[in-house]
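One structure is given below, encoded as structure tokens.
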Ligand code: SF4
């Protein structure tokens, strides 16, 4: 029976057969040029380098590898940006790469770019395990996408020199590299077929955000099939692998099936394809589990901590070179009040008390209610790439379902269970122990399709402080058995028989998440590059009143409709003149997207408050945006707005106009 290898998405653009047989957990990518790349290719713009460990001189490369070997790493991918001649500048590094192989015993895979005689000799001396090289088969593509004057002859010669010096070559072809068109792929296959190679890796152009190709449509399935078919015909002696870099959703399912149909030797694992391979009478072989990046930050300020999560959610890319998800566990330095994305600061928090007590107030990008955080409350953030549960990009609708909150809270429930505490997930976003809240959950979806899942786990809490700082709306309390905070909240240390420390809780969470998601966590702290970018984001957003208090300038004369719904509290602040909506602002602890709420508010302005009109506006926004306020129907929202009709307030004073303009200004 023929076998087919399924391997976890590890070093995504650089798969080789031996990665498939190795422990992905131990393979670390290193860039010898940091984030610098002269070529700045249209499909990448150097983004692949951002997530590699920098080692910008031979000594630091050896030191980095020594540190990794001491942490039980098994191998390294040595990569970097290219010079203008399309080469990764490895020239000064041969001696140290040789030492990494010989003295540290690490497996070494090298990303080369264009190879000449001297480089091939150097790589032979290093005794590298594989030389990875992207092969392009059309001169115009090289010019247009890679912006260099090298030609297909240089790629041909690269393979020649690698063969001449018996360096194990693993050529890659990016199908559709020329802005989605099939141009040089057959020529690339023909070129590769002349040489002895270790394996061929086929990947498919995947649009990355913030590149000139971000809106490019990937090659058609028919085109992909043509390349697969030709590869199968030509590459009869060498293994063919379908790499991780391929578009998601239906497209991926079709492509994976084609790879099975054309008898590929390996496929970067994806849901659903294993049973298909079995149906086709292949024997599947599985490799190591999925890898998640793990980050731990203790005692950070609220502004920095919140900026970290947003930065990570904005930058985790679908063909990230190393990690599927990111798990971050963190505590805050001092007590702070963190508002949900759509809440009004003045409504939720006693701001003067915060000022008196020196408590920082800030706002996160995820929805939900206000929480008090500090050194005795553990924050959990998980960055989830698009398509993780259903193969397509999340919308607020699909993401904020019970299933997804339930899925990602499994790690927390498992950790509590290890501590002897039985808990359960309860709609809409709580984890309860005996009916009392021990952790709250929140989430949002970013424009790039990545989702951010947040949880705050209460190890201990100062309930007196909490009641002084938070203004708990009476509507939220009314459906609880007891109005006292102590009776609605519990803590790990109240429930546990022994004193639990934050560090022990973290350890159990890591174990539990690894179990729940069948993956390995790899400790990879924030790099200097990332910290610089995060600090810039912190300054731009989380240290500004514009972000923190953005909805606090609601004119006091407006009518406020407050409704407790299945989606959470929905507050509609509305100014009406002659039954026409002059201004409307929607706040609350619900889950939605900024785009959806802004569109809704904009479309409602200057509309007459009549059921037919308001209902149509709301339904249109629901349809147009594809997102929603999770758990709320257009009908309920329409009812809320129509309530204003019973007690309209005309707001005509100039001062109110000024306030309205100020709100607009804050929005922009
Ligand atoms: S040469 Fe490599 S790292 Fe540089 S932009 Fe192109 S693909 Fe990215």
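Residue numbers (our numbering): 5 to 672. Quick reminder that beta carbons are idealized off the backbone N, C-alpha and C, glycines included.
Take the alpha-carbon of residue 524 and the one of residue 317: they are about 20 Å apart. Within 8 Å of the C-beta of residue 47 there is at least one heavy atom belonging to ligand 1.
Positions of the beta strand (DSSP E) runs, each at least 3 residues long and wholly inside the segment 563-631, are given as 563-569, 572-581 and 584-592 in order along the chain.
Using a Cβ distance threshold of 9 Å, residue 381 and residue 277 do not count as a contacting pair.
Secondary structure within the segment 44-118: the alpha helix (DSSP H) runs of 4 or more consecutive residues, fully enclosed, are 62-74 and 98-106 (chain order). The three-state reading of DSSP puts residue 303 in strand, counting E and B together. Counting C-beta pairs closer than 8 Å gives fewer than three between the segment 443-454 and the segment 347-367, which falls short of the contact rule. For residue 125, the three-state secondary structure derived from DSSP is helix. With a cut-off of 8 Å, the C-beta of residue 209 is classified as distant from ligand 1, since no heavy atom of the ligand falls inside that distance.
For the pair residue 343 and residue 357, the CB atoms are not nearer than the 9 Å cut-off. Ranking 181, 170 and 565 by CA distance to the CA of residue 642 puts 565 first. Taking 9 Å as the cut-off, the Cβ atoms of residue 298 and residue 526 count as close. For residue 278, no beta strand (DSSP E) run applies; the uninterrupted alpha helix (DSSP H) run containing it begins and ends at 277-283, by DSSP.
Taken from the Cβ of residue 81, every heavy atom of ligand 1 lies 8 Å or farther away. Residue 440 has 437 as its beta-bridge partners, per DSSP.
The beta carbon of residue 385 lies closer than 6 Å to those of 313, 332 and 458 in the same chain, with the five residues before and after it left out. By the neighbour-count criterion, in which a residue is buried when 16 or more other Cβ atoms sit within 10 angstroms of its Cβ, residue 88 is exposed. Annotation for residue 188 indicates a beta carbon at 8 Å or more from all heavy atoms of ligand 1. Going by DSSP, residue 528 is part of no alpha helix (DSSP H) at all; its letter is neither H nor E. Not a single heavy atom of ligand 1 lies less than 8 Å from the C-beta of residue 136.
Under the DSSP definition of a beta bridge, residue 287 partners with 7.
Residues of the same chain with a CB within less than 6 Å of the CB of residue 124, apart from the 5 flanking positions on each side, are 165, 166, 169 and 171 in chain order. In this structure, the CA atom of residue 305 is about 51 Å from the CA atom of residue 162. Straight across, the Cα-Cα distance linking residue 146 with residue 82 is about 23 Å. Short of 7 Å from the beta carbon of residue 387, and not among the five residues preceding or following it, lie these beta carbons of its own chain, in chain order: 316, 317, 320, 329, 330, 454 and 456. Of the residues assessed, residue 429 falls on the buried side of the cut-off, its CB having 16 or more other CB atoms within 10 angstroms.
Within the same chain, 380, 381, 382, 495, 496, 497, 504, 506 and 509 come within 7 Å of residue 463 by CB-CB distance, once the 5 residues on both sides are set aside. Annotation: the continuous alpha helix (DSSP H) that includes residue 262 extends over 254-265. By the C-beta density criterion, residue 575 is buried, having at least 16 other C-beta atoms within 10 angstroms. Residue 217: not part of any alpha helix (DSSP H); DSSP gives it neither H nor E.
Annotation for residue 41 indicates a beta carbon within 8 Å of some heavy atom of ligand 1.
Within its own chain, the residues whose Cβ lies closer than 7 Å to the Cβ of residue 412, once the five positions on either side in sequence are excluded, are 386 and 457, listed in chain order. Under a 10 Å Cβ-count criterion, residue 345 is classified as buried, with 16 or more other Cβ atoms of the shown protein chains found around its own Cβ. Checking the DSSP bridge columns, you'll see residue 459 partnered with 384 and 445. If you look at residue 367, you'll find it in the beta strand (DSSP E) that goes 364-367.
Its Cα nearest to that of residue 104, the residue 69 stands out among 118, 69, 64 and 190.
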